[in-house]
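Undergrad:
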Amino acid sequence: MKEPLILASASPRRRELFSLISIPFEVIPPKISEELLPGESPWDHAIRLAKAKAKDVSRLFPHRWVIGADTIVFLDKKILGKPVEKEDAKRMLQFISGRVHKVVTGYVIINEELRKEISSWVESEVKIKNLSKKEIENYVATGEPMDKAGSYGIQGIGAFMVKEIKGSYTNVVGLPLCEVIDSLKDIGAITEFPIVKKG
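In the numbering used here, the protein residues as written are 1363 to 1561.
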């Protein structure tokens, strides 16, 4: 990889995750609509948005490797996006309280010039403890839920409510690192991992 990989994302969580693995990268947020299409499944939605994000940035840098990702939280076939306001966040937290929900991250890695593309999705299950009304009110008052799908952040204060995870932890945060690294190797964006710095 001659130039750093581009992470097509505005998510600070994905940036933090990627910074842990020592693959050179830069962040360029895409400009796309994230609306749900009628009848679209969580898996299709995640992959479609991941591809749209990657394509939006890749057209500006066709010679570079670009990765786009999108994370969906859902329960009972209902997709739980980012809350529009505090009452919406409270409703979501009441809905997932004491229950097991699913988190799906779709990701797409492309290089337009090389005409290479790989996509996949990863699913995890998260069990939330029974939340009291006061816990929900106090958590929403911290402001942490307001920019997060499902209205909680597992890597922050929201960890207090997570009883159990089945599957990838980094997937729940926003980017399944194990699978993404394997895909980067499979498509030829990197030749080996961990990357050993020369000299």
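Quick reminder that beta carbons are idealized off the backbone N, C-alpha and C, glycines included.
Answer yes if the region 1436-1446 comes into contact with the region 1409-1428, meaning at least three C-beta pairs across the two stretches below 8 Å, and no otherwise.
TA: Under the 8 Å Cβ criterion, the region 1409-1428 does not count as touching the region 1436-1446, having fewer than three qualifying pairs.
Undergrad: Alpha carbon to alpha carbon, what distance is there between valine 1535 and lysine 1528?
TA: 13 Å
Undergrad: Applying the 10 Å Cβ sphere with the 16-neighbour rule, what's the burial state of glycine 1512?
TA: Label assigned to glycine 1512: buried.
Undergrad: Please list the terminal residues of the continuous alpha helix (DSSP H) segment that includes isoleucine 1549.
TA: 1539-1549
Undergrad: Starting from tryptophan 1405, trace the beta strand (DSSP E) both ways and give me its first and last residue.
TA: Per DSSP, tryptophan 1405 belongs to no beta strand (DSSP E); it is in the alpha helix (DSSP H), 1404-1420.
Undergrad: Quick check: what's the CA-CA separation for proline 1538 versus tyrosine 1531?
TA: 8 Å
Undergrad: Thinking C-beta only, is proline 1386 closer than 8 Å to aspartate 1418?
TA: Not a contact, by the Cβ cut-off of 8 Å.
Undergrad: So, at 6 Å on beta carbons, what are the nonlocal neighbours of isoleucine 1543 in its own chain, with the 5 sequence-adjacent residues on each side left out?
TA: Phe1555
Undergrad: If you reduce the DSSP assignment to three classes, tell me which class lysine 1496 lands in.
TA: helix
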